[in-house]
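If you count the sequence shown from 1, position 42 lands on 29 in my numbering, and the numbers rise without skipping. Take a look at the structure set out below.
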Amino acid sequence: MYSYWEQTSFIDNADVIIIGSGLVGLSAALHLKRRQPLLKVLVLERGFLPSGASTKNAGFACFGTVSEQIDVINRSSEAEAMRLVNYKWRGLQKLRQNLGDENIGYHQYGGHELFMTNEADAAKIAFEQIDHLNKLLQEAIGEPDIYAVADEKIAGFGFNKVSHMIYNRFEGQLDTGKMMRALLYKVYRLGVLVLNNVQILAIEPGHNYISLQTTQGSFKAGKVILATNAFAGQLYPELDVVPGRGQVLVTKPIPNLKLKGTYHFNEGYYYFRNINNRVLFGGGRNLNYKAEETWEFGHTDVVKEKLISYLNEVILPNQKAEIDYWWSGIMGFGEQLSPIVKELKPNIFCAVRCNGMGVAMGSLVGEEVAELVIGKI
Ligand SMILES: Cc1cc2nc3c(=O)[nH]c(=O)nc-3n(C[C@H](O)[C@H](O)[C@H](O)COP(=O)(O)OP(=O)(O)OC[C@H]3O[C@@H](n4cnc5c(N)ncnc54)[C@H](O)[C@@H]3O)c2cc1C
């Protein structure tokens, strides 16, 4: 049983409860408090830390490689691809404005798409599209000459088996941990309460309020925002959100590390970057989609072995890099690449399914759902 004080100051009387303290949930909280400072906003998070994708990702501040743009255009249309680019671009500007570049360790070192020696055809197709894509992207985000062939730079990075490269000077990287701490501080300062180790088990519409059954008892609020991303289907199976696990490693510090920036290959299924003289490297979900379609954190031998072999044979050849960290995070995917931001049921809103792009999109997704809520208050 909670004390009178606990019940009245921590549990009762939230105007809005946000489920999930990832980038989207906290960005929604930030926007709600900025727009309506008197609103009582409570965030409930099942983990000791945020436990989905926002503290587990690679920290790429990116809006798509040439191959990714071609893929989206082939699956939908040029207009849809550019709408997504514009959304990610605006999301990144919003994130940087909200938190400040220094507080999130943001650096615009540029992004690189690599093509292996056995991917000459894919490189040719990508190179042929650069001029056209640069025109489209200039209209979408107002910046010229985004992509450029940069084969002459490959040798300087010390890679093996890489024969072609496209450089994107507008791509950045950030420190994911710093980003999430900065966001937490920001919402605390505005008076948002974040309670951890609270898992929501059921959401029940009441007469004048929404009732939440949780592992810590029941909570009530006038409005609820579901920001549980990959886990949305655990509470609302009808939502088109499929989990997708991403496995990641970070090496021990590498003396005289030559690479600097963000790097993608194999249509974005693999990605690596520098972080404090180390290399972060992740991907390989496409090796076995079904096995990675899971809500469980963890690793598989097939992905681990592939990452280690690329690390030793392509990224840091002949350097005997040692691995310091392994972890995984869970993303939310769906048929469409756009997030789902809507009122699900009366007074229950959702902002989920950022795919592998939530660092870029998340601040805007949170803001959009907060605006939906404010419109109904
Ligand atoms: C390995 C990896 C690499 C990535 N790299 C990049 C990248 O470089 N660039 C990029 O733009 N994006 C990247 N992403 C994607 C990005 O991290 C996500 O899209 C983004 O963090 C999603 O934020 P979110 O707040 O929607 O979800 P999450 O961060 O997953 O937050 C959801 C929260 O809800 C909580 N929760 C779930 N169920 C419940 C419940 N029932 N009760 C209470 N709490 C609950 C979870 O614990 C979690 O903290 C990557 C993701 C992964 C996994």
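Glycine included, every Cβ here is placed at the ideal spot set by N, Cα and C.
Item	Value
Quick one: does the C-beta of N299 sit closer than 7 Å to a heavy atom of ligand 1?	no
Does ligand 1 have a heavy atom nearer than 7 Å to the CB of C49?	yes
In three-state terms, what does DSSP make of I153?	strand
Going by Cα to Cα distance, which pick from E358, V360 and P326 is closest to V346?	P326
Return the Cβ separation of V339 and N253 in integer angstroms, given the expectation that the two are a contact with Cβ distance under 8 Å.	Incorrect: roughly 27 Å between the Cβ atoms, too far for contact.
What does DSSP give as the partner residues of Q200 in its beta bridges?	A189 and S205
Within the same chain, show all residues whose beta-carbon is closer than 6 Å to that of A137, passing over the 5 residues directly before and after it, in chain order.	M152 and Y154
Please report the distance separating the alpha-carbon of K20 from that of L29.	11 Å
Tell me which same chain residues have a C-beta within less than 6 Å of the C-beta of R22, skipping the five on either side of it?	I361
Mind reading off the beta-carbon distance from L226 to I190? Whole number of angstroms is fine, and I expect it under 8 Å.	The pair is not a contact, with the Cβ atoms about 13 Å apart (cut-off 8 Å).
Counting only runs that start and end within the segment 265 to 324, where is the alpha helix (DSSP H) found for 4 or more residues in a row?	276 to 279 and 288 to 297
Return yes when the C-beta of T52 is under 7 Å from any heavy atom of ligand 1, and no when it is not.	no
Might you give, ordered along the chain, the residues of its own chain that have their beta carbon closer than 7 Å to the beta carbon of M344, omitting 5 neighbours on each side?	K75
Out of E300, T202 and A357, point me to the one whose CA is closest to V149's CA.	E300
Taking buried to mean at least 16 other C-beta atoms within 10 Å of its own C-beta, is S64 buried or exposed?	exposed
Which residues bound the alpha helix (DSSP H) around Y250?	First-last for Y250: T249 to F252, but that is the beta strand (DSSP E), not the alpha helix (DSSP H).
Taking contact to mean at least 3 C-beta pairs separated by less than 8 Å, is the segment 232 to 239 in contact with the segment 277 to 293?	yes
Helix or strand or just coil, what does DSSP make of L161?	coil
Nearest to N90 by alpha carbon, out of G9, P24, K173 and G145?	K173
Can you tell me whether L25 is buried or exposed, with buried defined as 16 or more other CB within 10 angstroms of its CB?	exposed
Exposed or buried, what is G78 when buried is set at 16 or more other beta-carbons lying within 10 Å of its beta-carbon?	buried
DSSP three-state label for V30, please.	strand
For T215, is the beta carbon positioned less than 7 Å from some heavy atom of ligand 1?	yes
Relative to the C-alpha of G98, which residue among H194, K43 and G248 is closest?	G248
Assuming Y329 is part of the beta strand (DSSP E), what are its boundary residues?	Note on residue identity: the sequence assigns Lys, not Tyr, to residue 329. Residues I327 to K332.
Using a Cβ-based criterion (distance less than 7 Å to any ligand heavy atom), does Q186 qualify as near ligand 1?	yes
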